[in-house]
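Here is the structure we will look at.
Number of protein chains: 2
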Amino acid sequence: MNILKNGTITSPQGFVAGAAASGIKASGKADISLVFSEHDCTAAGVFTKNQVVAAPVLLDQETLQVNSALVRGVITNSGNANACTGEVGLQNARQMQKISAEAVGCSTPQMLVLSTGVIGVQLPMDKIAAGVHAAAAELSRDQGHQAAEGICTTDTFVKEIAVEVPLSSGTVTIGGMAKGAGMIHPDMATMLGVITTDAQIDVDVLRGMLNAAVDVSFNCISVDGDTSTNDTVLLLANGGSGVYIDRRDWSVGSDYAIFSEALIHVCKELSKLIVRDGEGASKFIELTVTGARNKTEAHQIANTIAMSPLVKTAFAGSDANWGRMMMAAGKAGVKFNQHHTSLMVSPDGEEWLVLLDGGLPTGYREEAAAAIFAQSDIYVNLILREGLAEATVWTCDLTHEYVTINADYRT
Amino acid sequence: MNILKNGTITSPQGFVAGAAASGIKASGKADISLVFSEHDCTAAGVFTKNQVVAAPVLLDQETLQVNSALVRGVITNSGNANACTGEVGLQNARQMQKISAEAVGCSTPQMLVLSTGVIGVQLPMDKIAAGVHAAAAELSRDQGHQAAEGICTTDTFVKEIAVEVPLSSGTVTIGGMAKGAGMIHPDMATMLGVITTDAQIDVDVLRGMLNAAVDVSFNCISVDGDTSTNDTVLLLANGGSGVYIDRRDWSVGSDYAIFSEALIHVCKELSKLIVRDGEGASKFIELTVTGARNKTEAHQIANTIAMSPLVKTAFAGSDANWGRMMMAAGKAGVKFNQHHTSLMVSPDGEEWLVLLDGGLPTGYREEAAAAIFAQSDIYVNLILREGLAEATVWTCDLTHEYVTINADYRT
Numbered sequence: 001m002n003i004l005k006n007g008t009i010t011s012p013q014g015f016v017a018g019a020a021a022s023g024i025k026a027s028g029k030a031d032i033s034l035v036f037s038e039h040d041c042t043a044a045g046v047f048t049k050n051q052v053v054a055a056p057v058l059l060d061q062e063t064l065q066v067n068s069a070l071v072r073g074v075i076t077n078s079g080n081a082n083a084c085t086g087e088v089g090l091q092n093a094r095q096m097q098k099i100s101a102e103a104v105g106c107s108t109p110q111m112l113v114l115s116t117g118v119i120g121v122q123l124p125m126d127k128i129a130a131g132v133h134a135a136a137a138e139l140s141r142d143q144g145h146q147a148a149e150g151i152c153t154t155d156t157f158v159k160e161i162a163v164e165v166p167l168s169s170g171t172v173t174i175g176g177m178a179k180g181a182g183m184i185h186p187d188m189a190t191m192l193g194v195i196t197t198d199a200q201i202d203v204d205v206l207r208g209m210l211n212a213a214v215d216v217s218f219n220c221i222s223v224d225g226d227t228s229t230n231d232t233v234l235l236l237a238n239g240g241s242g243v244y245i246d247r248r249d250w251s252v253g254s255d256y257a258i259f260s261e262a263l264i265h266v267c268k269e270l271s272k273l274i275v276r277d278g279e280g281a282s283k284f285i286e287l288t289v290t291g292a293r294n295k296t297e298a299h300q301i302a303n304t305i306a307m308s309p310l311v312k313t314a315f316a317g318s319d320a321n322w323g324r325m326m327m328a329a330g331k332a333g334v335k336f337n338q339h340h341t342s343l344m345v346s347p348d349g350e351e352w353l354v355l356l357d358g359g360l361p362t363g364y365r366e367e368a369a370a371a372i373f374a375q376s377d378i379y380v381n382l383i384l385r386e387g388l389a390e391a392t393v394w395t396c397d398l399t400h401e402y403v404t405i406n407a408d409y410r411t
Numbered sequence: 412m413n414i415l416k417n418g419t420i421t422s423p424q425g426f427v428a429g430a431a432a433s434g435i436k437a438s439g440k441a442d443i444s445l446v447f448s449e450h451d452c453t454a455a456g457v458f459t460k461n462q463v464v465a466a467p468v469l470l471d472q473e474t475l476q477v478n479s480a481l482v483r484g485v486i487t488n489s490g491n492a493n494a495c496t497g498e499v500g501l502q503n504a505r506q507m508q509k510i511s512a513e514a515v516g517c518s519t520p521q522m523l524v525l526s527t528g529v530i531g532v533q534l535p536m537d538k539i540a541a542g543v544h545a546a547a548a549e550l551s552r553d554q555g556h557q558a559a560e561g562i563c564t565t566d567t568f569v570k571e572i573a574v575e576v577p578l579s580s581g582t583v584t585i586g587g588m589a590k591g592a593g594m595i596h597p598d599m600a601t602m603l604g605v606i607t608t609d610a611q612i613d614v615d616v617l618r619g620m621l622n623a624a625v626d627v628s629f630n631c632i633s634v635d636g637d638t639s640t641n642d643t644v645l646l647l648a649n650g651g652s653g654v655y656i657d658r659r660d661w662s663v664g665s666d667y668a669i670f671s672e673a674l675i676h677v678c679k680e681l682s683k684l685i686v687r688d689g690e691g692a693s694k695f696i697e698l699t700v701t702g703a704r705n706k707t708e709a710h711q712i713a714n715t716i717a718m719s720p721l722v723k724t725a726f727a728g729s730d731a732n733w734g735r736m737m738m739a740a741g742k743a744g745v746k747f748n749q750h751h752t753s754l755m756v757s758p759d760g761e762e763w764l765v766l767l768d769g770g771l772p773t774g775y776r777e778e779a780a781a782a783i784f785a786q787s788d789i790y791v792n793l794i795l796r797e798g799l800a801e802a803t804v805w806t807c808d809l810t811h812e813y814v815t816i817n818a819d820y821r822t
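Chains as they are written, first to last, in our numbering: chain A, 1 to 411; chain B, 412 to 822.
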């Protein structure tokens with residue numbers, strides 16, 4: 001697998017993209033983003049588990065039920081979530097799907113729709129229509145980066161990646177873009193993500209691959225414990241490379257296995273970029289819980305630590321206040337013996353400083369701990385000694401900047 | 412029931428208190444607090460459900476198992492939680508219990524022990540010993556307020572209350588003090604609280620009363636979703652009034668019922684004071700979910716809204732961004748139909764502005780909503796229309812001040 005320099009959503013063959021500023025964003029930045037495939041795609045999606053679901057999520061679920069093998073593209077608007085907008089919102093999402101299909105010249109159910117932004121405001125359909133046509137006019141292989149820009153909201157940088165994957169019968173490419181920043185938490189599709197590939201993959205295989213990849217990537221990141229009404233990850237495979245991924249051989253080293261690993265890599269990298277760009281984030285934290293009875297419990301504890309405002313503010317202050325991590329671990333609803341636990345931290349995931357061993361503070365030097373907590377990347381390992389399962393999550397700190405961004409989001 | 416002016420923990424007959432600065436707090440403020448009863452008390456406690464439990468919590472649970480009818484007092488230190496301190500920590504807690512018993516002249520298992528502060532540091536026992544004796548030398552009926560001061564950490568004001576309760580055979584008094592500020596969340600005993608009464612109550616009745624009162628008070632507040640290793644609420648009844656609460660009549664209007672109501676009032680008022688003094692809090696929010704299928708689900712949704720950083724920062728910014736409350740409600744893990752929901756807000760709990768009805772934004776005036784979100788007290792009501800159950804929680808906003816306090820807590 002080779003990571004492509006300046007790789008984008010249009011790195012896989014047969015994909016084009018375009019973006020436009022429709023005026024939904026007061027800033028005048030691009031807020032319409034279009035990804036289009038020259039061939040029909042098999043497509044799969046993972047969606048928010050929130051009970052309050054935005055109109056485009058409902059529409060995409062419906063669309064993928066009737067058409068998951070002839071998808072042509074994805075239209076996204078940023079600045080307005082089209083959530084809590086009732087029947088009118090759903091009609092608007094349908095209209096957006098129809099307008100974009102007309103603009104690119106395919107039929108309506110071949111387009112998928114994404115929205116992100118403020119909740120509870122109806123989409124300005126005149127702006128959407130003009131924006132969609134403007135984005136369609138831009139469609140080209142060079143506009144992948146612009147498309148990734150167009151889906152951003154409070155993101156401070158564009159999140160995209162592409163990798164080349166040599167397989168037995170040729171090389172395929174996977175491209176991806178994502179937006180995140182706030183309302184990021186595991187157990188949901190977590191944000192907007194669009195992944196493209198020119199491999200040819202049967203739709204049921206594609207679904208399984210996407211679910212497995214999301215499980216160890218987008219579902220393992222937490223910015224603020226909040227999950228959106230709109231979280232969606234879409235995967236489109238257009239077969240443009242002519243390479244077919246055969247499901248019948250899924251042994252180690254098979255095309256299936258190599259492609260799956262590459263897809264996981266793309267999803268993990270996008271996920272980590274989302275955490276690094278968490279609203280107001282100044283630190284990136286990789287948190288591993290080992291020695292749990294099972295994976296669910298390991299994940300539950302890691303998540304609870306990652307979500308704790310007291311833990312996150314301690315990281316923001318570069319304060320080696322590890323007691324808060326133990327407090328957070330203890331409230332996860334998972335039984336463990338505090339006297340068997342150890343906690344260690346590292347600046348690189350290789351050299352570790354043990355802070356707590358057998359439930360007791362070690363005689364570590366305060367300056368050594370302070371030096372690690374002062375880093376911008378911090379690795380944490382909590383060892384439970386209850387079993388053999390482990391889980392890793394990625395999170396960021398909770399800073400003044402987070403409060404500033406979110407106290408005045410709409411102003 | 413009459414609320415006493417300047418009521419404290421020593422308002423009930425037969426209780427005295429004292430406080431001292433032992434030097435555990437670098438600020439030189441009082442950090443040892445002693446509450447003592449001239450008569451033996453029946454006593455009950457509610458403790459943290461965190462898996463990581465501080466030494467004094469383990470000690471009090473053990474003490475109340477062997478002695479819940481002859482308790483004489485409570486010794487508290489602030490500035491050091493005596494948590495994650497292993498066997499040495501437990502020995503230190505026992506030593507603290509013994510020193511305080513000697514200082515006041517009772518036997519060791521007649522004292523209960525509380526600690527609050529930094530996790531993972533052993534108690535400085537020399538300072539503790541000197542402080543306990545200094546506090547014991549201060550014991551008097553006038554020092555109730557000082558005792559309440561002595562248990563504070565990041566609290567910005569002292570939390571105390573006392574009420575007089577006229578019963579059929581005489582008047583009894585209930586006094587209470589609490590400390591909170593951070594690591595405050597429901598489903599735990601939630602902070603340190605000590606409640607005294609001069610009623611005479613059998614210990615099993617006392618336990619039931621305290622559990623019921625905590626359930627609708629301390630378990631209904633959330634500052635940051637974090638729960639401490641040390642959370643404890645203690646209730647001591649010394650019978651000093653000579654009035655016995657007979658358990659056999661618990662009908663409406665009975666002494667039992669009237670006293671229980673008064674105890675709930677004391678617990679609720681202390682709980683609300685804790686929220687008002689939440690770390691960095693600038694707003695007090697009363698959040699009610701009605702029309703849920705059952706109380707557990709109502710509570711679950713109310714809690715999830717109260718815990719959401721995005722909701723809390725919107726309140727901090729006086730931003731009527733109610734979509735975030737719907738998002739938070741939707742991620743609570745409770746099934747409901749978003750198209751049947753309504754959401755309303757009020758500055759006083761009496762006049763309501765409906766923002767969302769039947770899942771759709773109403774045509775409310777943005778200025779009217781902004782005016783309510785600008786208040787320092789805000790009432791929110793989410794109506795689900797799934798059933799008849801409801802729950803209320805109290806919470807506060809998430810401000811820059813919260814980050815400042817918690818990023819640099821130990822420095």
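All C-beta atoms in this analysis are idealised placements derived from N, C-alpha and C, irrespective of residue type, glycine included.
- Here B/L475 carries a helix assignment [DSSP, helix/strand/coil].
- Assignment of A/V57 by DSSP, reduced to helix, strand and coil, places it in the helix class.
- Residue pairing from DSSP places B/A573 in a beta bridge opposite B/G586.
- Using a 10 angstroms sphere on the CB of A/K331, the tally of other CB atoms reaches 16 or more, which defines it as buried.
- At a cut-off of 8 Å, the C-beta of A/I383 has no neighbouring C-beta in chain B.
- A/G45 is the residue among A/S33, A/T395, A/G45, A/K49 whose C-alpha sits nearest the C-alpha of A/V205.
- Residue range 255-276 is occupied by the alpha helix (DSSP H) that includes A/C267.
- Comparing C-alpha distances from B/A514 to each of B/T699, B/A558, B/V543, B/A432 shows the shortest one belongs to B/V543.
- At a cut-off of 8 Å between C-beta atoms, A/H39 does not count as an interface residue with respect to chain B.
- If you compare the alpha carbons of A/V163, A/L192, A/G120 with that of A/T153, the shortest gap goes to A/L192.
- Only exposed fits A/E38, as fewer than 16 other CB atoms lie within 10 angstroms of its CB.
- Below 8 Å, enough C-beta pairs join the segment 376-385 of chain A and the segment 285-298 of chain A to call them touching: three or more.
- DSSP places A/H340 outside any beta strand (DSSP E), giving it a letter other than H or E.
- A/S228 reaches chain B at M738, counting residues in chain order whose Cβ is nearer than 8 Å.
- Three or more pairs of CB atoms, one per stretch, sit closer than 8 Å, so the segment 519-526 of chain B contacts the segment 479-489 of chain B.
- Between B/V468 and A/A329 a beta carbon distance of about 16 Å is seen, past the 8 Å cut, so the two are scored as non-contacting.
- DSSP places B/E797 in the coil class of the three-state scheme, outside both helix and strand.
- For chain B, the residues of the segment 76-92 of chain A that bring a beta carbon within less than 9 Å of one of its beta carbons are A81, A83, C84, T85, G86, E87, V88, G89, in chain order.
- DSSP places B/V616 inside the alpha helix (DSSP H), whose first and last residues are 614-626.
- Rounded to the nearest whole angstrom, the CA to CA distance from A/P361 to B/D808 is 34 Å.
- Distance from the CA of B/H676 to the CA of A/V334, rounded to the nearest whole angstrom, comes to 33 Å.
- Per DSSP, A/G73 is one residue of the beta strand (DSSP E) stretching across 71-80.
- B/C452 carries a strand assignment under DSSP once its states are collapsed to helix, strand and coil.
- Nearest to A/N211 by alpha-carbon distance, out of A/E261, A/G180, A/V121, A/D246, is A/E261.
- Residues of the segment 542-556 of chain B with a Cβ closer than 7 Å to any Cβ of chain A: none.
- The C-beta separation of B/V605 from B/M588 comes to about 6 Å, placing the pair in contact by the 8 Å criterion.
- Around the beta carbon of B/I612, a 10 Å sphere encloses 16 or more other beta carbons of the protein chains shown; the residue is thus reported as buried.
- Taking a contact to require three or more Cβ pairs closer than 8 Å, the segment 26-42 of chain A and the segment 718-733 of chain B do not qualify as touching.
- Take B/A430, set aside five residues on each side of it, and the residues of its chain with a beta-carbon closer than 6 Å to its own are A441, S444, A546, Q557, A558, G561, in chain order.
- Residue state for A/S115 is assigned as strand, using DSSP reduced to three classes.
- Per DSSP, A/V88 is one residue of the alpha helix (DSSP H) stretching across 86-104.
- DSSP places A/E138 outside both helix and strand once states are collapsed to three, so it counts as coil.
- In terms of CA proximity to B/T806, B/N630 leads the group B/N630, B/D566, B/A512, B/Q476.
- Around the beta carbon of B/A480, fewer than 16 other beta carbons sit within 10 angstroms, so the residue counts as exposed.
- Judged by DSSP in its simplified three-state form, B/D788 adopts strand.
- Residue state for B/F629 is assigned as helix, using DSSP reduced to three classes.
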